[in-house]
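Colleague: Remember, UniProt numbering sits 8 above the position in the sequence shown when you count from 1.
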Amino acid sequence: SSSEAILSESHGADLLSKLPSREGWSEPLVLYNNYWIRPRIAATIMRLQSSFRPRHDDIILASNPKCGTTWMKALAFVITNRSRYDIENNHPLLSCHPHEVVPFIEIPLNGDMNYVETLPSPRLLATHMPLSLFPKSLAASSCCRIVYVCRHPKDAFVSRWHFENKICRGNNIDLENAFSMFSEGFSAYGPFWEHCLEYWRESTTSPDKVLFLKYEDLMSEPVKYVKRLAAFLGVPFSTKEEEDGIPEEVVRLCSFDKLSTLHTNQTGDMVRRANLIIENSAFFRKGKVGDWVNHMSEEMGRKLDCIVEEKLKGSGLVL
Ligand code: A3P
Numbered sequence: 009s010s011s012e013a014i015l016s017e018s019h020g021a022d023l024l025s026k027l028p029s030r031e032g033w034s035e036p037l038v039l040y041n042n043y044w045i046r047p048r049i050a051a052t053i054m055r056l057q058s059s060f061r062p063r064h065d066d067i068i069l070a071s072n073p074k075c076g077t078t079w080m081k082a083l084a085f086v087i088t089n090r091s092r093y094d095i096e097n098n099h100p101l102l103s104c105h106p107h108e109v110v111p112f113i114e115i116p117l118n119g120d121m122n123y124v125e126t127l128p129s130p131r132l133l134a135t136h137m138p139l140s141l142f143p144k145s146l147a148a149s150s151c152c153r154i155v156y157v158c159r160h161p162k163d164a165f166v167s168r169w170h171f172e173n174k175i176c177r178g179n180n181i182d183l184e185n186a187f188s189m190f191s192e193g194f195s196a197y198g199p200f201w202e203h204c205l206e207y208w209r210e211s212t213t214s215p216d217k218v219l220f221l222k223y224e225d226l227m228s229e230p231v232k233y234v235k236r237l238a239a240f241l242g243v244p245f246s247t248k249e250e251e252d253g254i255p256e257e258v259v260r261l262c263s264f265d266k267l268s269t270l271h272t273n274q275t276g277d278m279v280r281r282a283n284l285i286i287e288n289s290a291f292f293r294k295g296k297v298g299d300w301v302n303h304m305s306e307e308m309g310r311k312l313d314c315i316v317e318e319k320l321k322g323s324g325l326v327l
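The structure is reproduced here in C-alpha cells:
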C-alpha cells in the first residue's frame, strides 16, 4: 500500500512534501499514515523507521499529548528505580523534571536526537507515536512492554488548548475553532480516538505487552493502579513493601501537588529545539478530572461525547 511505501522509504524531506498538509491550531500538520503529525516529527518518525534499535527490555510509555504523560513518566521512573533511589530522600525527581528522566523517542531532549541510544538498559522511553507508526523493528519486538495512558477527550482537549496557547506565546488560539478541528479528528497525533483504539485493541489481544490505563482511574484509585503498573513492569511490590506503605509513597512523590510545587518544575525550562523552549511549569496546570466544564459549553461537551461514543462503538473501550 502507499502508506507502507512511505514507511519503508528513508528520504524524509521528499516524502514529507508529498503528504497532504493543512493549517492546524498554530502550525500546519501533515497527514501521515492516517494521522495528523507536525512535519518535523513526521520526518523524525520516517527516519526512525530504519534507525531505531529496540532492546528486548525497553519499556515504552505511550500516550496522546495531555493525557498524563508527565505523571506516567514520574510513576514508571520511581517504580522501576526504587532499588536505586530512596523515595524519601534525594530522589532525582526532586531536582529533575519527569521529561528529563524519561526521554521521548521522537522528540529530541536538548536538541540531541541520539540520546536514547546512549541510555543504559533497561531503558524507560516515552512516545506520542500512534502504534501503527512505530518503527517496524520496535513493532516486531515481542519483548518490550508498553504502558498506554488515556484520558477523557474533553479534558485532554482543554488541557491541550491551554498548553498550546502557553507555548506559542502571544498566539491566542480560538477555542471554538480548535474544538471543531479536534472534533473532526484534526489535531496533532489525531484523530484522538484512533490513537486510543489502536493501543486498546493491542492491550486486549496482548495484555502482557500493552497495559492500558486511564488518567481518571489513576486519579480515583492511585495506589491500586500503581501496584498494577509495578506488576506489569516486572517489579511488583513485595508484601513487606506494601506493609511499609511504599506504593503510597510512590503515589505521593508523583502527585500533582508534590511535583508541581518543586522549585525545578516551577522555574526551569527545557529546550526541545533551537526555537522551542518550554517552561517546565507548562506541564503542570490543574491536574483535575472534569475541568472541561470551565472552558467548554455543555453543548460542546455533548457533541464531543457523541462523536467519541460513535467512534469507539463495538470496541469495548469507553472514555
Ligand atoms: P491539565 O492541563 O488538565 O491540568 P501531559 O503530561 O500528557 O502533557 O498532560 C498534562 C496534563 O496532566 C495537565 O492536565 C497536567 O496538569 C496534568 N498533570 C501533570 N502532572 C500530573 C500529576 N503528577 N498528576 C496528575 N496530573 C498531572
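For every residue, glycine included, the Cβ atom is placed at its ideal position computed from N, Cα and C.
(1) Using 9 Å as the threshold, is the C-beta distance between Arg153 and Lys217 below it?
(2) Using the Cα positions of Ile95 and Leu320, report the straight-line distance between them to the nearest angstrom.
(3) Looking at ligand 1, does it come within less than 8 Å of Phe292, judged from the CB to the closest heavy atom?
(4) Taking C-alpha atoms, which residue in Ala51, His64, Leu327 lies nearest to Ser149?
(5) His203 to Arg46, Cα distance in whole Å?
(6) May I ask you to check if the CB of Gly309 is nearer than 8 Å to at least one heavy atom of ligand 1?
(7) Looking at Gly295 and ligand 1, is the gap between the Cβ and the nearest heavy atom below 8 Å?
(8) What whole-angstrom Cβ distance do Glu114 and Ile53 have, given they're in contact under 8 Å?
(9) How about Tyr223: is its Cβ closer than 8 Å to a heavy atom in ligand 1?
(10) Reducing DSSP to helix, strand and coil, say where Cys152 ends up.
(11) To the nearest angstrom, how far is the alpha carbon of Glu251 from that of Phe245?
(12) Compute the Euclidean distance between the alpha carbons of Tyr156 and Ser71, then round it to the nearest angstrom.
(13) Roughly how many angstroms lie between the CA atoms of Pro28 and His99, to the nearest whole one?
(14) So Val109 and Ala134 are supposed to be a Cβ contact under 8 Å. How far apart are they, rounded?
(15) Excluding the 5 residues preceding and the 5 following Phe240 in the sequence, name in chain order all residues of the same chain whose CB lies nearer than 6 Å to its CB.
(16) Along the chain, where does the alpha helix (DSSP H) that runs through Trp169 open and close?
(17) Decide yes or no for the touch test of the region 224 to 238 against the region 209 to 216: beta carbon pairs closer than 8 Å, at least 3 of them.
(18) Could I get the ranges of all uninterrupted alpha helix (DSSP H) runs contained in the region 79 to 132, with 4 residues as the minimum, in chain order?
(19) Indicate, with yes or no, if ligand 1 has a heavy atom lying under 8 Å from the CB of Thr78.
(20) Would the region 282 to 295 and the region 157 to 172 be scored as touching if the rule is three or more Cβ pairs under 8 Å?
Modeller: Concretely, from the data shown:
(1) yes
(2) 39 Å
(3) yes
(4) His64
(5) 15 Å
(6) no
(7) yes
(8) 6 Å
(9) yes
(10) coil
(11) 10 Å
(12) 6 Å
(13) 46 Å
(14) Contact doesn't hold; Cβ gap of about 10 Å is too wide.
(15) Leu219
(16) 161 to 175
(17) no
(18) 106 to 109, 123 to 126
(19) yes
(20) yes
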